[in-house]
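Number of protein chains: 4
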Amino acid sequence: MTEKCGVVGVSLDGRNAARPLYYGLYALQHRGQESAGIITHDGFQQHSHVDMGLVGDVFDEDDLDQLNGAAGIGHVRYPTAGSVDSSCAQPFSVSFKSGSLGLSHNGNLVNADEIRDELAGMGHAFTSDGDTEAIAHDLARNLLDADLVRAVKRTMQRIHGSYSLTIMHDDTVMGVRDPQGNRPLCIGKLEDGYILASESAAIDTLDGELVRDVRPGELVVLQEDGQGFDSYQLVELENTAHCFFEHVYFARPDSIIDDSLVYEVRRNLGRKLWEESGVESDVVMPVPDSGRAFASGYADAASETTPDGEERDEHDDGVEFAEGLMKNRYVGRTFIMPTQDERERAVRLKLNPIKSTVEGKTVTLIDDSIVRGTTSTQLVQLLKDCGAEEVHMRIGAPPIVAPCYMGIDMATRDELIAADKSVDEIAETIEADSLAYLSTDSVADVLESDRIDLCMGCVTGEYPYDIEGEETDRAVDRPAVGEGTIPADD
Amino acid sequence: MTEKCGVVGVSLDGRNAARPLYYGLYALQHRGQESAGIITHDGFQQHSHVDMGLVGDVFDEDDLDQLNGAAGIGHVRYPTAGSVDSSCAQPFSVSFKSGSLGLSHNGNLVNADEIRDELAGMGHAFTSDGDTEAIAHDLARNLLDADLVRAVKRTMQRIHGSYSLTIMHDDTVMGVRDPQGNRPLCIGKLEDGYILASESAAIDTLDGELVRDVRPGELVVLQEDGQGFDSYQLVELENTAHCFFEHVYFARPDSIIDDSLVYEVRRNLGRKLWEESGVESDVVMPVPDSGRAFASGYADAASETTPDGEERDEHDDGVEFAEGLMKNRYVGRTFIMPTQDERERAVRLKLNPIKSTVEGKTVTLIDDSIVRGTTSTQLVQLLKDCGAEEVHMRIGAPPIVAPCYMGIDMATRDELIAADKSVDEIAETIEADSLAYLSTDSVADVLESDRIDLCMGCVTGEYPYDIEGEETDRAVDRPAVGEGTIPADD
Amino acid sequence: MTEKCGVVGVSLDGRNAARPLYYGLYALQHRGQESAGIITHDGFQQHSHVDMGLVGDVFDEDDLDQLNGAAGIGHVRYPTAGSVDSSCAQPFSVSFKSGSLGLSHNGNLVNADEIRDELAGMGHAFTSDGDTEAIAHDLARNLLDADLVRAVKRTMQRIHGSYSLTIMHDDTVMGVRDPQGNRPLCIGKLEDGYILASESAAIDTLDGELVRDVRPGELVVLQEDGQGFDSYQLVELENTAHCFFEHVYFARPDSIIDDSLVYEVRRNLGRKLWEESGVESDVVMPVPDSGRAFASGYADAASETTPDGEERDEHDDGVEFAEGLMKNRYVGRTFIMPTQDERERAVRLKLNPIKSTVEGKTVTLIDDSIVRGTTSTQLVQLLKDCGAEEVHMRIGAPPIVAPCYMGIDMATRDELIAADKSVDEIAETIEADSLAYLSTDSVADVLESDRIDLCMGCVTGEYPYDIEGEETDRAVDRPAVGEGTIPADD
Amino acid sequence: MTEKCGVVGVSLDGRNAARPLYYGLYALQHRGQESAGIITHDGFQQHSHVDMGLVGDVFDEDDLDQLNGAAGIGHVRYPTAGSVDSSCAQPFSVSFKSGSLGLSHNGNLVNADEIRDELAGMGHAFTSDGDTEAIAHDLARNLLDADLVRAVKRTMQRIHGSYSLTIMHDDTVMGVRDPQGNRPLCIGKLEDGYILASESAAIDTLDGELVRDVRPGELVVLQEDGQGFDSYQLVELENTAHCFFEHVYFARPDSIIDDSLVYEVRRNLGRKLWEESGVESDVVMPVPDSGRAFASGYADAASETTPDGEERDEHDDGVEFAEGLMKNRYVGRTFIMPTQDERERAVRLKLNPIKSTVEGKTVTLIDDSIVRGTTSTQLVQLLKDCGAEEVHMRIGAPPIVAPCYMGIDMATRDELIAADKSVDEIAETIEADSLAYLSTDSVADVLESDRIDLCMGCVTGEYPYDIEGEETDRAVDRPAVGEGTIPADD
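Protein chains in written order, with UniProt numbering: chain R, 1 to 490; chain F, 1 to 490; chain Z, 1 to 490; chain E, 1 to 490.
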């Protein structure tokens, strides 16, 4: 049920929204390759095109032309296990008493079943088993006797968990970010309208300007003439729970999330990594492409100070940064897996070591994370086969010890190599000469955030949400139910 | 919104239902080529596979294997204008408080909007704009506080129009036919279970035995062990409204509908046609394949009596029956249309006249119906170009003067050649030397039915239902709302 | 290596040939469903589009638009075992010293290997193992030092077997039929040009007029301005060897082949069948669609005379003709085969008996031929299961006792039920109450042909060609090698 | 007619060659994405699978399973303008008097027409207009009266131009490299056999070991038992003409070509670029991925010396290397092009600048080459829009002033921005603040090669071959025709 997706919403002054949505989804393709969809509204009716596949395969010119209307939302969906069904593809849309409603959802509710049960008790019937349908039905029901803003507020008071939503009610496009701001969502200004998107890279792609992040608990309503947007801070909690893993792994390096450039964060995490656990070696190399920014920061720091923190003198060149593993960019979905005895080839088809960079050298290999440990084991082996004297592995994030319930489909606890192994044991398993991870404190430091304002559940096992069978790291914040005042700003 | 479809439902003693459903849908393919779908239930959960396309294209072996469970329903959908959207493909399924519900629907409600509005007022949100979702939601809601049979009864009291449904509630498979029996539905016995199907040909295909038609207003519940079925006569009206056009055009000739073999009915309509408006000619030929059974009956009658009803003497051979138009069976969907000046070729690619059968002859051409008149015009021209001296056209049904609201997507009134033209004017338009249609009385006669027990809306303009802007031919029967007793038989 | 295909060639006055070729191939689709192709020439260069699949799938509008030029040839290919390779798809085209050469071939050479070996000895290299490439290379070589007509003549003197060819040399379109005229080929006149086609139905489709059959041994060269054609009788043999099976089974009923309308031939074979082996029964029914014309002729004859040849009196209605087996027209290629225990269903999915026509009746079932006997066995069983009292089978052609070497891929001798069984034994095997085939004499009679002028190898085991390991039924005609005079007529 | 492709050939001891060939082609996918093919030989017959598309799309498990035999060759083909035709897909194979012959060709002959004309004069007919068919026919003809080695030698004496070939004669696999060694080809040792491949990365992928490059003019024959190979130096010329552009642009960075690691060469070219035309700036960034290795070498050199060649002191950090342009890896083939007014987006969809790296900075942008100049113009604009103070462009190769006739499909002379513009004019056109290319001398220097041993036609306009209308840079070497001795070594 976990979903790691990309969402977008656009409201323009007259021009059709379909093409900007299409290019926006293209820019967010890394957030989901399983399905893609766009729905638009032309003032009279909704148009929809949703299908399994990559953005470039799902839409052709005719599809875009038929998606009439200056308002629209879009979605790309991550391939999560067991959900190959097209009924889960989004945007999800329903018609109800007061018109049509479309939703694109990134995140994961922790009380979806509860809400579905309540709605079912009132006679609702569901066509999927997803969170999104629960939100849609709840919102539709609230809209029966409340205006748009109040209805969204009521829904936000009921649903608990992680959600960044773009919503289209008839031709009104909105964005909502959960009160803890777990998943990213930002606002951009286009030449002739406004855009909401999971990441600012989508705004860049459209030559737009990043206005700001949507705030945790905020509802942003795009004006229908594309001239501006209205903001409603519907829920306010003491602490946020931004997912640190967006910065480490998931987001594009060129996106700015919660005011930080992802690339810069990764470089700084790499610098910290050197400071915390630098090891002298002949060469520092990234696992491409995931480790590149980390390795670049690590190598920069290494050229300035020794592992002991001493400034290097002019005759000490420090560590050389080099690309020692070359990626075959053509290895894709339709690849025929090697037979058992050819299995080692799989990694070598994707990543090939450069002998001259590796042979006879001590190597530090930098990556962003280790999940199951399989690839790390293969890479260490590969480098040693290629003549590396030593292979030291440095990871730009803490060990992943627990699953993510907030929308990133990492793995089950059983599969996580760090769930029941110490760092030393992992080093032994992957046969690295040394292994170090970055500390959680350093992560918080780099993200200039209090530890309590991040969601680090996967590396601490303590979650900022009530999850059955798991610890929580805080007096769990849940929005109080009750009308309250609805402040409007901007 | 009109839907002319095929439905099927199967409950077996242990064996998976998917393959019988698949072959059943194959047998009903003529009732719908736009989409196909099967859902099954294995006692624990529902499995579903629904997609656009022909049965043979929609399913592969893996799909069938994954459709686990001894209970299931299936659907093929007719391509109606404007509904190329996959969201309309069926079976439609929802989960609700008391489990899962799947529906396959053939027919068309006349008060769907009314029901949707009521449900929307109660907070329901819809993912499609179809009748079927309205029925599903209403039924789900009724099941909140009523047992299965009562819930179906309540729903039948609310919905008005034409419907033959196969329903699956968890792993219980049911069939329902509207109180006027507009669309066909029948029960068959298989070796290890029971089947419900739009036409008996689906039962034949599975080497099953036709038990009987589902009665108008009856609910048939297949027993989960495949050992039998229970019948509940939930609604009883004075008159039925069987669609006569199923017999004339839509159903397979080898199906038995409401106790009549369709092929035999068509032959008899052909005989009547000779009796009513026979014309001596050198040769009688069908438009293949639609006119074949009619032509065969017409020619048989013609070999026995003269147009005046006199018995022929032994030296009068009467009219010769011959296949004078040959069909190219490969002309399909992916055909590149001829350019404007090649347009005549279109008909000739499909139907080619046999010169020796036509040249210098007077020809009677038999078909089941004339809708727009375009093809008839082309065929008369074709036969004349081929040397026919005279071309007389005889049609085995009355002129279509009004649209069908009950689920057959004929055409709008504007497009119907008979909507505002007399028979003579039509003859002139299509350039036939003479033209005659069969009378409504003869149709009723052949179907051994009172005129009031048939739906002949499309040929009379008077409908057995309340349709806004149209006449009705009866004090409209609607099931009285109120609990009443639920009789159980069989 | 055997190929049962359709060929076409067109030369127009200016207009592009691609679309007429496309519609022509559509009309010949029954002659080959494996691949389709068109090549055209615009005076400067050749254009080509050839692919696996049906005509409607192989070409789209763009493909046709790109096939520039007023001259062109086309081909549809029959799926013969083991040749799923696209390298065998035709037209086959080569460029050589004097320009380009394209060939579409229907038939089968008996000395292809001999010719290929000779050419290989001269250094030729081949890209396929087909007859057609051998012909193309031989012709290209002959064109090095001879004009077109002489070169074709030389090639005709070398190749032995069955061939109807359409050839395009640069933008000159030609047709050639082997000296024994085994496969059909005819000439048609279009509004603005001429066409060569395997069957006249292709000409009809284009609103053209059949001029005449290409004569055995004749070369027909279409004039490049579409104004006429030139004929060269290059080889003349005493006897022809027209394939009688084209008339019985392969050709479209609406085609005229060697001056006979196929439909009429089949009706007359049906009449003869009654005369030879008529049996009184309640009903006569065809196996659709292959037996329809035969059954119609059989029933007509049966209504006139008794099996003893007596004229019926007026109170004896004779035998009733009825369609007792209904065909499901949607059963296609992508059909999932039933499992072993569902196997009987396979025939019932395709053909469903009409109970009322069969039950309690004595039935005569008419078909054109029996190859393996599997389907016949299933049909007899089906009718008996349906309540037929007796099932008599009558076949409109003699028993197939030997393979075809001339281009019809029937089966190997092992698979032919009649290869080692008497008619009585076959009747027993298929469990028919009686079985009779038509005699070879009657076939010759109906085709108004001397027995020696037909190829009846598959029903006699004696062939009009030299085939290793088989008998021949004549002093084998082979064209004498030597220049001779080249007469020109027309 | 130019072809920039990848070739591979494998001979194993018993095991099927298909899978190693498949993975080898996967590793060479960057050399050709238009078509892919494999042919194998099992000792008795050839098996073939060739189709349009990427390796992963062309083959499925069944295809590989059916490609039986321990010997085989493969090919990937580059999409060159006007050759979308599947008839050009390779390996090309023919059967001829002495068996079968398959060829995979990388390169381009300059006298193909001459050879085709000669062969045509001897009666040969061709199915394509490619070089490869000319080579195949010539070789087949030579094999009529010469053994394999002599036949290859004769063919090598006739064909002139660039060619790296893998050849399969029956089940013997060979590799040939043209006497000037224009395109790469190397030999690798696998666990149970030998491999020939365009690049060593294909060998790495199979966990094999690079043995050495095939020498210019050498024929390498793999032993059929996979135990070794035999070498025949068939032609020896004074000078080679290795394509320098393979190193600069085309080959994978992790391949070793003519003893040099491509990645290292690019780093060194980058270093030279700094030395020749370094410019101080705040940041050095590559155009990803093509400029990355160059930029890394450039930045390394820049951190050591100033533009004047002075060693930097310890307080001068020199230039910072950073990734300032982020690539969207999902932009692929099926992308819908933006409309005219959205055109700028096209580059931004592919490459997005990182504001913090660029804004207010002086930037040096490094790439491997400039062809048309369109992308460079867009990138400079993009960086300036993003706030770059200055954009200096440095290119790791000399200006491309002339087309490639040897197999790399760059562009026509008209399209090359450097064909008629000085470096200053180009700088002005692309609006860069400064622009510098690397000198040809430095290229030769880095490649440790005499200028005369490289083919630098595209940057000098002087070619090492006789090309009509172009200058040559040497007394053109052509192998002398005449038997000579055939030395065997290894």
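We treat Cβ as the ideally placed atom computed from N, Cα and C, and that holds for glycine.
{"Check": "Please identify the residue among Z:325, Z:11 and Z:250 whose C-alpha is closest to the C-alpha of residue 404 of chain Z.", "Outcome": "Z:250"}
{"Check": "So does the segment 153 to 161 of chain F actually touch the segment 105 to 125 of chain F, counting three or more Cβ pairs closer than 8 Å?", "Outcome": "yes"}
{"Check": "Out of curiosity, what's the CA-to-CA distance linking residue 235 of chain F and residue 185 of chain F?", "Outcome": "16 Å"}
{"Check": "Residue 30 of chain Z: which of Z:224, Z:143 and Z:290 sits nearest, CA to CA?", "Outcome": "Z:290"}
{"Check": "Taking any Cβ of chain F, which residues in the segment 120 to 134 of chain R have a Cβ under 9 Å from it, in chain order?", "Outcome": "120, 121, 122, 123, 124, 125, 126, 127, 128, 129 and 133"}
{"Check": "Start and end of the alpha helix (DSSP H) containing residue 353 of chain E?", "Outcome": "Unbroken run through residue 353 of chain E is the beta strand (DSSP E), 351 to 353; no alpha helix (DSSP H)."}
{"Check": "Cβ atoms of residue 73 of chain E and residue 205 of chain E: under 8 Å apart, would you say?", "Outcome": "no"}
{"Check": "What is the rounded straight-line gap between the Cα of residue 121 of chain R and the Cα of residue 97 of chain F?", "Outcome": "6 Å"}
{"Check": "For the putative contact between residue 293 of chain E and residue 352 of chain R, defined by C-beta atoms under 8 Å, what is the C-beta separation to the nearest angstrom?", "Outcome": "Wrong, their Cβ atoms sit about 14 Å apart, outside the cutoff."}
{"Check": "In chain order, which alpha helix (DSSP H) runs of at least 4 residues are fully inside the segment 110 to 183 of chain Z?", "Outcome": "112 to 121, 131 to 142 and 148 to 158"}
{"Check": "Assuming residue 27 of chain E is part of the beta strand (DSSP E), what are its boundary residues?", "Outcome": "Where residue 27 of chain E is concerned, there is no enclosing beta strand (DSSP E), although the alpha helix (DSSP H) it sits in stretches over 18 to 27."}
{"Check": "Does DSSP put residue 252 of chain R in a helix, in a strand, or in coil?", "Outcome": "coil"}
{"Check": "Tell me whether the beta-carbon of residue 279 of chain R lies closer than 8 Å to the beta-carbon of residue 392 of chain R.", "Outcome": "yes"}
{"Check": "Using three-state DSSP, classify residue 12 of chain E as helix, strand or coil.", "Outcome": "strand"}
{"Check": "Would you mind reading off the limits of the beta strand (DSSP E) that contains residue 193 of chain F?", "Outcome": "193 to 197"}
{"Check": "To the nearest angstrom, how far is the alpha carbon of residue 157 of chain R from that of residue 132 of chain R?", "Outcome": "16 Å"}
{"Check": "List the DSSP bridge partners of residue 384 of chain Z.", "Outcome": "According to DSSP, residue 384 of chain Z bridges with nothing at all."}
{"Check": "Measure the CB-CB distance between residue 64 of chain Z and residue 336 of chain F and report whether it falls below 8 Å.", "Outcome": "yes"}
{"Check": "Could you give the residue range of the alpha helix (DSSP H) that holds residue 291 of chain E?", "Outcome": "Run containing residue 291 of chain E: none; DSSP gives neither H nor E here."}
{"Check": "Identify the continuous beta strand (DSSP E) that holds residue 279 of chain F and give its terminal residues.", "Outcome": "Element bounds for residue 279 of chain F: n/a, residue is neither H nor E."}
{"Check": "Should residue 173 of chain R be flagged as near chain E, meaning a C-beta pair shorter than 8 Å?", "Outcome": "no"}
{"Check": "Compute the Euclidean distance between the alpha carbons of residue 43 of chain R and residue 438 of chain F, then round it to the nearest angstrom.", "Outcome": "49 Å"}
{"Check": "For my contact list, residue 173 of chain Z and residue 189 of chain Z are in at a C-beta cut-off of 8 Å; report their separation, rounded to the angstrom.", "Outcome": "Actually they are not in contact, since the Cβ atoms of residue 173 of chain Z and residue 189 of chain Z sit about 14 Å apart, beyond 8 Å."}
{"Check": "Scan the segment 368 to 451 of chain R and note each continuous alpha helix (DSSP H) run of 4 residues or more that stays entirely inside, going in chain order.", "Outcome": "374 to 385, 423 to 430 and 440 to 446"}
{"Check": "Is there contact between the segment 296 to 309 of chain R and the segment 413 to 421 of chain R, where contact requires at least three CB pairs shorter than 8 Å?", "Outcome": "no"}
{"Check": "Any beta carbon from chain E within less than 8 Å of residue 137 of chain Z's own beta carbon?", "Outcome": "yes"}
{"Check": "Strictly under 8 Å for the Cβ-Cβ distance: is residue 96 of chain F near chain R by that measure?", "Outcome": "yes"}
{"Check": "Please list the terminal residues of the continuous alpha helix (DSSP H) segment that includes residue 201 of chain E.", "Outcome": "200 to 205"}
{"Check": "Against residue 101 of chain F, what residues of chain R qualify as contacts under a CB-to-CB distance less than 9 Å, listed in chain order?", "Outcome": "125"}
{"Check": "Can the beta-carbon of residue 10 of chain E be found closer than 8 Å to that of residue 20 of chain E?", "Outcome": "yes"}
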